[in-house]
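Worksheet: one structure, shown below.
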Amino acid sequence: MTKVIWMSDPHFSTQGPILGHDPVARLTAAVSYVATTHADAKACIISGDLVDVANAENYMRFAELTAPLPMPLLPMVGNHDARAPLCAALPIPDNTMEDFVQYRLDLPEATLLCLDTLYPGHESGMFCNARQAWLSQTLSDTDRPTYLFMHHPPMPLGLPAQDADRLANGETFIDTLIGHTVDHLFIGHVHRPVCGTYKGISYSTMSSILLQAPPPHPSWDWDSFTPPHEAPSLGVLTFSPTGVTLQYENFCAADEGACTP
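What follows is the structure, given as structure tokens:
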């Protein structure tokens, strides 16, 4: 069996707290927890929105704080990211697609595909023809169990505020997966754990390393958004010849003081 750590949406910033949450403290706590508890993991995937503002300073400091991870870091892009400064500061796999942060990781039990859904200048995502061609070819070239990681959800999740900013061409994306061996989608962006199936494809989303989004009831919008008092969590994925398990683990308490480095 092979273990992989899954984090999402750290929204790292050197400029102090974001909505009352300290991105330095939260990222440091997550890295320390993984290094102490899951040092045997094969890799650590962070599925987008690595930083809150995509500048060189934030990415360089992010790289410094994640350097203690005892396994390779696999960064992905979200709507808050920019490809050039991310690639300048962080290690990118050798098989990364040209012009995009999109690549594959082959485990003994499965293939993991980390997709680039960035749509520059937009909160929503986009999966263009070039990225789609890479994905279709990669899926056609393998008959192994295959798991996709992406920032933007391609389907509605029953989260009205977040659903408005999902993958813009999500229906087309999902339709192209049908007929291929795609065992599960792992999705970021929404800052809340949700799982289900859509057109026969199963998916899970991940909480944020920094702050969470409220549940959809009672209803809320971005003008009234206030992070709930919930502990941040990360995912521990265990891949085996028969499938995968996902454990959501809290790495510190909801109270900010509990995450002080």
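Taking this note's numbering as reference, the numbering of the sequence shown is continuous, increasing by one, and the terminal residue is 685.
Note that beta-carbon positions come from the ideal geometry of N, C-alpha and C, so glycine has one too.
In this text, all values refer to a predicted model and were calculated from it rather than measured experimentally.
Helix, strand or coil, according to DSSP, for Ala467 in the structure here? Under the three-state reduction of DSSP, Ala467 is assigned to strand.
CB Gly667 to CB Trp430, shorter than 9 Å? No, Cβ-Cβ distance for Gly667 and Trp430 is not below 9 Å.
In or out: Phe649 buried (at least 16 other Cβ within 10 Å) or exposed? Exposed, since its Cβ has fewer than 16 Cβ neighbours within 10 Å.
Give the secondary structure of Trp558 by DSSP, where H, G and I count as helix, E and B as strand, and everything else as coil. Residue state, collapsed to three classes: helix.
If you draw a straight line from the alpha carbon of Pro685 to that of Asp567, how long is it in whole angstroms? For Pro685, the pLDDT reaches just 45, beneath the cut-off of 50, and the residue's location in the model is therefore unreliable, leaving the point undetermined.
Can you tell me which of the three DSSP states Thr520 falls into? Coil, per DSSP.
Got a sec, what are the start and stop residues for the alpha helix (DSSP H) Ser456 sits in? Residues Pro447 to Thr461.
From His613 to Phe551, what distance separates their C-alpha atoms? Rounded to the nearest angstrom, the gap between the Cα atoms of His613 and Phe551 is 15 Å.
The alpha helix (DSSP H) that contains Met511, what's its start and end? Reading off the sequence shown, one finds Cys at residue 511, where the question assumed Met. Segment Arg507 to Ala513, the alpha helix (DSSP H) holding Cys511.
Taking 9 Å as the cut-off, decide whether the C-beta atoms of Pro584 and Leu443 are in contact. Cβ atoms of Pro584 and Leu443: not closer than 9 Å.
Going by C-alpha to C-alpha distance, which of His504, Ala467, Gly440 and Gly545 sits closest to Ile516? When the alpha-carbon of Ile516 is set against those of His504, Ala467, Gly440 and Gly545, the nearest one is in Ala467.
Three-state secondary structure (DSSP) at Pro685? Confidence is the limiting factor: at Pro685 the pLDDT is only 45, short of 50, which leaves the residue's position unreliable and the question unanswerable from this model.
6 Å Cβ shell around Pro665 - same chain, five flanking residues per side excluded: Once the five neighbours on either side are set aside, the close Cβ partners of Pro665 are Glu533.
Expressed to the nearest angstrom, what Euclidean distance is found between the alpha-carbon atoms of Asn503 and Leu542? A direct Cα-Cα distance of roughly 6 Å separates Asn503 from Leu542.
Rounded to whole angstroms, what is the Cα-Cα separation between Leu634 and Leu563? Going from the Cα of Leu634 to the Cα of Leu563 covers about 33 Å.
Kindly indicate which residue of Leu474, Gln561 and Ala508 has the alpha-carbon position closest to the one of Thr605. The shortest CA-to-CA distance from Thr605 to any of Leu474, Gln561 and Ala508 is the one to Gln561.
So who's on the other strand from Gln636, going by DSSP bridges? Within the DSSP bridge table, the entry for Gln636 names no partner.
As assigned by DSSP and simplified to three states, the class of Arg528: Arg528 falls in the strand class under three-state DSSP.
Tell me, to the nearest whole angstrom, how far the beta carbon of Trp644 is from that of Pro638; I am working on the premise that it is less than 8 Å. Between Pro638 and Trp644 the Cβ distance is about 6 Å, and since that is below 8 Å, they are a contact.
Between the Cα of Tyr527 and the Cα atoms of Ala453, Ala557, Ala513 and Ser548, which residue gives the shortest distance? When only C-alpha atoms are compared, the closest one is Ala557.
Start and end residues, beta strand (DSSP E) containing Pro499: Per DSSP, Pro499 belongs to the beta strand (DSSP E) from Leu497 to Pro499.
For Gly620, I'd like the list of residues in its chain whose CB is within less than 8 Å of its CB, leaving aside the five on either flank, ordered along the chain. For Gly620, where only same-chain residues beyond five positions count, the Cβ hits under 8 Å are Leu581, Ser626 and Tyr627.
Could you tell me the boundaries of the beta strand (DSSP E) in which Asn674 lies? Counting along the chain, the beta strand (DSSP E) containing Asn674 begins and ends at Gly667 to Asn674.
Residue from Gly440, Pro499 and Leu531 whose Cα sits closest to the Cα of Ser471: Selection Gly440, Pro499 and Leu531 evaluated against Ser471 yields Pro499 as nearest (Cα-Cα).
Would you tell me roughly how many angstroms separate the C-alpha atoms of Gln439 and Cys676, rounded to the nearest one? Distance between the alpha carbons of Gln439 and Cys676 is about 22 Å.
Just list the residues that DSSP pairs Trp430 with in beta bridges. Partner(s): Ile469 and Gly659.
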